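This report refers to the structure that appears directly beneath it.
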Amino acid sequence: MPQDEYLRRVKGVHALCIHPGVGHVDQEVLETAGPQLKVVGTMSVGYDHIDVAACKAKGVKVGNTPYVLSDSVAEHTICLALMVLRRVPFLMGSIVADTWKNNKGSAFASLGASLHGKTVGIIGLGGIGKAIAERLIAFKVNKVIYNSRTQKPDVAKLLGLEFATLDNLLSQCDLVITSCDLNESTKHILNREAFKKMKKSAIVVNISRGPIIEQHHLIEALQNGEIAGAGLDVMTPEPLPFDHPLTKMPNVVLTPHMGSATWETRMAMGDLTVKNIIAGLQDQPLPAPLC
Ligand SMILES: O=CC(=O)O
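Under my numbering, the residue at position 224 of the sequence shown is numbered 368, and the numbers go up by one with no gaps.
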């Protein structure tokens, strides 16, 4: 929605129901809305499109949708990792392009890499990171290492995860998954220096927010063979132009920010958003408050 139309619609509302792709809240939006605004409900776990501190300062409650989406996002994370490791889009393309027959049944055609036995690093061990770790264990990975702002000894002990510094995680892992919030400390956490610390055979999967990765540096690292591949559900910008260099790389799998996009999960997110908004309008504590 163009900004002027958004501001026009926001004026005078008591509640705002938004989604990262549609709507944001900053000082301008708060001022345009007016002092009657009571609550913002975002149908997302991420809230980098909302100035929560500014909402708090104005007494506007904010709620999001954590936990109800963790399992779906974790499923999609594993899907992306497997698609990159097993080169699914590229090899599916060989059927569509009718080049499969050129392999002449070779046992060494269509090779990818296994997930089992791999060392996997998760950056950000919130609800989604934990759900990803649970699934990785079922895939018999060698070990799961995590890095996050604060250590999570309870989850780590329960699932047998190891904490590591970011450098340590990057240098050890075959698969690096980013599932952290986007904020000043995580923006571009995977940049040129980070890619240089990774194994040449490593792949990266990002299911949090595009700017977690410095995308120009990612393209450079892929082109220079500093890492082996990437699976991205989020990118910069969104929607990504169809002719962007990333769309032309055979070792990159792109999906259109669809981690939580199952019927069941989006319905649960919708319900929780409505509950947050109704509670805010009724001056009750929100079921999933950010402030
Ligand atoms: O990106 C989606 C979300 O934050 O829920």
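Just so it is clear, CB atoms sit at the ideal spot from N, CA and C, and this is done for glycine as well. Keep in mind that this is a model prediction, so the values were computed, not measured.
- Rounded to whole angstroms, the separation of the alpha carbons of Asp377 and Gly403 is 7 Å.
- In the structure shown, Thr417 falls within a helical segment according to DSSP collapsed to helix, strand and coil.
- Under the three-state reduction of DSSP, Asn312 is assigned to helix.
- Unbroken alpha helix (DSSP H) stretches of 4 residues or longer found wholly inside the segment 276-361: 297-303, 310-316, 336-341, given in chain order.
- Listed as beta-bridge partners of Thr263 by DSSP are Lys287.
- For Leu181, no beta strand (DSSP E) encloses it, and the DSSP letter there is neither H nor E.
- Inclusion of Val264 and Val285 in the CB contact set at 8 Å is warranted, their separation being smaller than that value.
- Taking the C-beta atoms as reference points, Leu181 is found no nearer than 8 Å to Val196.
- Taken in chain order, the complete alpha helix (DSSP H) segments of 4 or more residues contained in the segment 355-405 are 359-367.
- Annotation for Val206: the continuous beta strand (DSSP E) segment containing it runs 205-207.
- In the DSSP annotation of this structure, the continuous segment of the alpha helix (DSSP H) that includes Ile222 starts and ends at 214-229.
- In this model, Ile363 and Asp242 are separated by some 29 Å (Cα to Cα).
- Secondary-structure assignment with DSSP links Val169 through a beta bridge to Ile194.
- Per the CB criterion, closer than 5 Å to any heavy atom of ligand 1, the qualifying residues run in chain order as Ser188, Val189, Gly190.
- When rounded, the separation of the alpha-carbon atoms in Pro385 and Ile289 is 34 Å.
- Contact between the segment 207-214 and the segment 406-415 is present: 3 or more CB-CB pairs across the two stretches fall below 8 Å.
- For Leu235, the enclosing alpha helix (DSSP H) begins and ends at 232-240.
- Excluding residues up to 5 positions away in sequence, Val285, Asn286, Asp318, Leu319 lie with their Cβ nearer than 7 Å to the Cβ of Lys262 in the same chain.
- Leu151: member of the alpha helix (DSSP H) spanning 147-154, first to last residue.
- According to the DSSP assignment, Leu160 belongs to the beta strand (DSSP E) that extends over 159-162.
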